[in-house]
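Novice:
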Amino acid sequence: MAAPRTPLPLVLLLVSAALLAAAPLSPAAETGAAAFDVRRHLSTVTRYDVARGSNSVSSAPSMSDECRVIHLNLVARHGTRAPTKKRIKELDRLAVRLKALIDEAKQGPESDSLKKIPSWMKGWESPWKGRVKGGELVSEGEEELYNLAIRVKERFQGLFDEEYHPDVYSIRATQQVPRASASAVAFGLGLLSGKGKLGPVKNRAFSVLSESRASDICLRFFDSCETYKDYRKRKEPDVEKQKEPILEHVTSALVNRYHLNFTPKDVSSLWFLCKQEASLMNITNQACQLFNEAEVYFLEWTDDLEGFVLKGYGESINYRMGLPLLKDVVQSMEEAIVAKEVEHPDGTYEKARLRFAHAETVVPFSCLLGLFLEGSDFAKIQREESLDIPPVPPQGRNWKGSVVAPFAGNNMLALYQCPGKTDGGKISRDQKSSYFVQVIHNEAPVSMPGCGNKDFCPFEEFKEKIVEPHLKHDYDALCKIRPVAREEPSSFSSRMSNFFLGLFSQKGYRVSAQDVKSEL
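Here it is as structure tokens:
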């Protein structure tokens with residue numbers, strides 16, 4: 012069922028009221044406001060360190076000091092990237108368009124209008140002009156994943172003490188789009204720094220496993236899900252219609268403010284430029300300064316709306332197609348529990364499964380866990396009822412792209428072995444199950460609605476309350492997969508192994524004949 016939509020006239024009324032209230036403020040005045048930082052409002056283009064700094068989700072430690080982490084699952088988005096080839100072309104067109112608008116203004120009767128045009132806009136050219144490639148992981152993105160790995164290693168001391176082996180510390184990334192595998196490399200370098208003999212920083216080689224795009228239903232489930240593709244194609248026009256009132260009102264405000272005949276398409280491109288400048292270049296006094304604070308909030312909401320409807324809770328297929336990933340996560344934890352129960356020695360079983368993919372992977376996985384819902388929404392998704400779209404500003408909301416899936420955004424599921432149940436700060440020795448799951452989003456523990464809003468959930472309760480309600484569905488049935496249309500993976504039989512000596516070390520690939528065939 013599609014999520015009910017706030018009526019367009021109501022959205023229009025809310026936007027009008029907020030923009031009128033903000034009208035007396037000037038962009039220059041707002042940038043001086045200590046409480047407002049546009050870099051925190053860039054939806055999924057937000058840098059990871061900025062997102063972490065603005066993360067309001069917190070939780071007091073609820074586990075006993077006697078609990079010991081025995082396994083870690085990580086599902087991470089790639090780090091900060093350059094604009095894609097398509098977006099680079101859009102910025103080139105914007106440069107031509109701005110020149111035309113300024114030339115048009117020069118022909119007008121009011122010479123004072125030219126004084127209102129921001130100086131940076133005159134003669135502006137895209138910083139990516141002339142680039143024919145795009146979308147690659149930039150140095151800031153490398154640092155995000157490298158530093159994340161160092162913090163993960165420090166946080167879970169003891170878990171990463173074993174000698175590296177790819178079966179003990181599994182690092183996996185999606186194929187086709189290099190920024191995911193590059194993020195895996197940056198993370199691996201941070202995780203294994205000092206663990207080898209290569210170079211002055213004692214790096215060591217490690218492998219990154221990838222499955223062919225045609226059969227990777229764990230990390231690229233959206234590629235093979237025909238139901239989802241149909242839904243997205245059908246809903247994209249609806250999303251654009253819901254964004255129209257905001258774009259039209261912001262356009263009107265900018266036309267009055269700068270005396271340039273902007274169109275909604277121009278404003279959309281300028282907002283994109285603002286996000287790129289602020290995120291990649293830390294420039295907030297050019298494109299971003301065109302908008303006042305209220306306008307930024309509404310433009311951010313349009314981005315968050317799109318993510319909600321097309322990737323998140325807007326329709327159950329968005330996240331239920333992520334079932335193979337959820338099953339893989341649970342299976343890895345069950346295998347770790349078995350290994351502990353039969354007392355396998357350390358170094359003989361997997362301790363971490365580290366995955367690097369895309370927002371289209373991280374967002375559905377967060378939804379499967381029931382994160383970032385409003386009020387009683389968790390009960391609604393369990394009953395497969397539709398959800399309302401995120402509240403419109405100035406109302407607050409839990410669903411914000413800058414928190415749900417910023418660059419390098421991640422979910423970690425840490426599996427703990429405890430002597431007994433945590434009860435009032437004491438250990439109960441008669442607890443049958445001694446295994447608990449903690450969900451950590453962007454390095455902050457988050458409460459799980461399906462587990463009584465606790466962040467430390469008994470493993471069996473986690474499976475019963477959060478996982479099992481989804482298991483009545485089947486990926487092939489949900490996504491209309493024909494049995495002969497997809498290769499069945501067998502323990503990552505289709506693998507590409509990359510060995511890295513450093514940030515710019517040589518890479519060797521081992522690709523099976525099956526992989527080659529699937530890409531033809």
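Residue numbers (the working numbering): 12 to 531.
We treat Cβ as the ideally placed atom computed from N, Cα and C, and that holds for glycine.
What runs of the alpha helix (DSSP H), each 4 residues or longer, lie entirely inside the stretch 156-232?
Specialist: Correct list: 189-202.
Novice: Do G412 and F376 come within 7 Å of each other at the CB atom, strictly closer than that value?
Specialist: Numbered from 1 along the sequence shown, position 365 holds the residue referred to as residue 376. Numbered from 1 along the sequence shown, position 401 holds the residue referred to as residue 412. No, these two residues do not count as a Cβ contact at 7 Å.
Novice: With a threshold of 8 Å, are at least 3 pairs of Cβ atoms found where one atom belongs to the stretch 345-362 and the other to the stretch 168-176?
Specialist: Segments in contact, yes.
Novice: Using C-beta distances below 8 Å, list every residue in its chain close to K246, excluding the 5 sequence neighbours before and after it, in chain order.
Specialist: Position 235 of the sequence shown, counted from the first residue, corresponds to residue 246. Within the same chain, K246 has close Cβ partners A13, V320, L321, G325 and E326.
Novice: So for L398, helix, strand or coil by DSSP?
Specialist: In the sequence shown, the residue the question calls residue 398 occupies position 387. If DSSP states are grouped into helix, strand and coil, L398 belongs with coil.
Novice: For D277, does the count of other Cβ atoms within 10 angstroms reach 16, so buried, or fall short, so exposed?
Specialist: As a position in the sequence shown, residue 277 is number 266, starting the count at 1. Classification for D277: buried.
Novice: Return helix, strand or coil for D86, following the three-state DSSP convention.
Specialist: Working through the sequence shown from its first residue, we reach residue 86 at position 75. The amino acid at residue 86 is misidentified as Asp; the sequence shows Val. Residue state, collapsed to three classes: strand.
Novice: Are the CB atoms of G90 and E165 nearer to each other than 7 Å?
Specialist: Here residue 90 corresponds to residue number 79 of the sequence shown, with the count starting at 1. Here residue 165 corresponds to residue number 154 of the sequence shown, with the count starting at 1. No.
Novice: Quick test of your reading: N422 and V373, contact by CB under 8 Å. State the CB separation rounded to the nearest angstrom.
Specialist: Position 411 of the sequence shown, counted from the first residue, corresponds to residue 422. Position 362 of the sequence shown, counted from the first residue, corresponds to residue 373. Indeed they touch by this definition, with Cβ atoms about 7 Å apart.
Novice: If you check the beta carbons only, do C490 and T185 fall under 7 Å apart?
Specialist: In the sequence shown, residue 490 corresponds to position 479, counting from 1. In the sequence shown, residue 185 corresponds to position 174, counting from 1. Taking 7 Å as the Cβ cut-off, C490 and T185 do not qualify as a contacting pair.
Novice: For V163, does the count of other Cβ atoms within 10 angstroms reach 16, so buried, or fall short, so exposed?
Specialist: The residue you call residue 163 lines up with position 152 of the sequence shown. Buried, by the Cβ-count rule.
Novice: Of all the options Y242, M132, R190 and A347, which has the alpha carbon lying nearest to the alpha carbon of L281?
Specialist: As a first step, residue 281 must be located in the sequence shown, where it is residue number 270. Comparing Cα-Cα distances from L281 to each of Y242, M132, R190 and A347, the minimum goes to M132.
Novice: I'd like to check one pair, A347 with H82: are the Cβ atoms closer than 7 Å?
Specialist: Along the sequence shown, one-based indexing puts residue 82 at 71. Along the sequence shown, one-based indexing puts residue 347 at 336. Their beta carbons are under 7 Å apart, which means H82 touches A347 by this criterion.
Novice: Residues in its own chain within less than 7 Å of D103 by CB, not counting five upstream and five downstream?
Specialist: For the purposes of this step, residue 103 is taken as residue 92 along the sequence shown, with counting starting at 1. Taken in chain order, the residues that qualify are S137 and K140.
Novice: Please determine, among R79, C285 and T313, the residue with the shortest C-alpha to C-alpha distance to L301.
Specialist: Within the sequence shown, numbered from 1, the residue matching residue 301 stands at position 290. Here the closest residue by C-alpha is C285.
Novice: Going by beta-carbon coordinates alone, are A87 and F447 separated by less than 7 Å?
Specialist: Translated into the one-based positions of the sequence shown, residue 87 becomes position 76. Translated into the one-based positions of the sequence shown, residue 447 becomes position 436. No, the pair does not count as a contact, with Cβ atoms beyond the cut-off.
Novice: Return helix, strand or coil for Y324, following the three-state DSSP convention.
Specialist: What you label residue 324 is simply residue 313 of the sequence shown in a count that begins at 1. DSSP places Y324 in coil when its eight states are reduced to three.
Novice: Exposed or buried, what is D485 when buried is set at 16 or more other beta-carbons lying within 10 Å of its beta-carbon?
Specialist: Sequence index remark: in the sequence shown, residue 485 carries index 474 (1-based). The residue is exposed, with fewer than 16 neighbouring Cβ atoms inside 10 Å.
Novice: Do V450 and L424 come within 7 Å of each other at the CB atom, strictly closer than that value?
Specialist: Locating residue 424 in the sequence shown gives position 413, where the first residue counts as 1. Locating residue 450 in the sequence shown gives position 439, where the first residue counts as 1. Yes, Cβ-Cβ distance for L424 and V450 is below 7 Å.
Novice: Let me know if T433 comes out buried or exposed under the rule of 16 or more other beta-carbons within 10 Å of its beta-carbon.
Specialist: Locating residue 433 in the sequence shown gives position 422, counting from the first residue. Bear in mind that the predicted position of T433 carries a pLDDT of just 44, short of 50, making it unreliable; the figure below should be weighed with that in mind. Buried, because 16 or more other Cβ atoms sit within 10 Å of the Cβ of T433.
Novice: Roughly how many whole angstroms lie between the Cα atoms of S445 and R224?
Specialist: Numbered from 1 along the sequence shown, position 434 holds the residue referred to as residue 445. Numbered from 1 along the sequence shown, position 213 holds the residue referred to as residue 224. Each residue's Cα considered, the two are about 38 Å apart.
Novice: Can you tell me where the alpha helix (DSSP H) holding F376 begins and where it ends?
Specialist: Counting from one through the sequence shown, the residue named residue 376 turns up at place 365. Residues A370 to L379.
Novice: Name the DSSP beta bridge partners of L424, please?
Specialist: For the purposes of this step, residue 424 is taken as the residue at position 413 of the sequence shown. Answer is N84 and V450, bridged to L424.
Novice: The beta strand (DSSP E) with C78 in it runs from where to where?
Specialist: The sequence position of residue 78 within the sequence shown is 67, counting from 1. Neither: C78 is in no beta strand (DSSP E) and is coded neither H nor E.
Novice: Could you check how far apart the C-beta atoms of F198 and L159 are, in whole angstroms? I think they sit under 8 Å.
Specialist: Working through the sequence shown from its first residue, we reach residue 198 at position 187. Working through the sequence shown from its first residue, we reach residue 159 at position 148. The Cβ separation is near 6 Å, so the contact holds.
Novice: Taking P335 as part of the alpha helix (DSSP H), name the residues at either end of that continuous run.
Specialist: The sequence position of residue 335 within the sequence shown is 324, counting from 1. Taken as a continuous stretch (DSSP letters only), the alpha helix (DSSP H) holding P335 covers L334 to E352.
Novice: In chain order, what residues of the same chain lie with their CB nearer than 8 Å to the CB of F167, ignoring the 5 residues before and after it?
Specialist: By 1-based counting over the sequence shown, the position of residue 167 is 156. Cβ within range, chain order: V80, L83 and A425.
Novice: Measuring straight from C-alpha to C-alpha, what distance separates R565 and R268?
Specialist: Here the chain has residues from 12 to 531 only, and residue 565 is not among them.
Novice: With distance defined between alpha-carbon atoms, name the residue in L230, E361 and K474 nearest to D178.
Specialist: Along the sequence shown, one-based indexing puts residue 178 at 167. Checked all of L230, E361 and K474; the closest Cα to D178 is E361.
Novice: Return the CA-CA distance between R231 and Q342, expressed in angstroms with no decimal places.
Specialist: Within the sequence shown, numbered from 1, the residue matching residue 231 stands at position 220. Within the sequence shown, numbered from 1, the residue matching residue 342 stands at position 331. Taking the straight line joining both Cα atoms gives about 18 Å.
Novice: What whole-angstrom Cβ distance do V414 and L316 have, given they're in contact under 8 Å?
Specialist: Start at 1 with the first residue of the sequence shown, and residue 414 comes out as number 403. Start at 1 with the first residue of the sequence shown, and residue 316 comes out as number 305. That pair is no contact at about 15 Å.
Novice: Which of the three DSSP states is assigned to A455 in this structure?
Specialist: Counted from its first residue, the sequence shown places residue 455 at position 444. It is a strand residue.
Novice: Using 8 Å as the Cβ pair cut-off and three pairs as the minimum, do the stretch 302-314 and the stretch 52-65 touch?
Specialist: Yes, they touch.
Novice: Keeping to the same chain, check which residues put their C-beta closer than 7 Å to that of T262; ignore five residues upstream and five downstream.
Specialist: Here residue 262 is taken as the residue at index 251 of the sequence shown, counted from 1. So the list reads F273, T274, P275 and V278, once near-sequence residues are dropped.
Novice: Could you check where the alpha helix (DSSP H) with C468 kicks off and where it finishes?
Specialist: What you label residue 468 is simply residue 457 of the sequence shown in a count that begins at 1. Looking at the DSSP string, C468 is not in any alpha helix (DSSP H); the run it does join, the beta strand (DSSP E), is F467 to P469.
Novice: Nearest by alpha-carbon distance to K144: which of V107, V188, K206 and I294 is it?
Specialist: As a working mapping, residue 144 is identified with position 133 in the sequence shown. Of the candidates V107, V188, K206 and I294, the one whose C-alpha sits nearest the C-alpha of K144 is V188.
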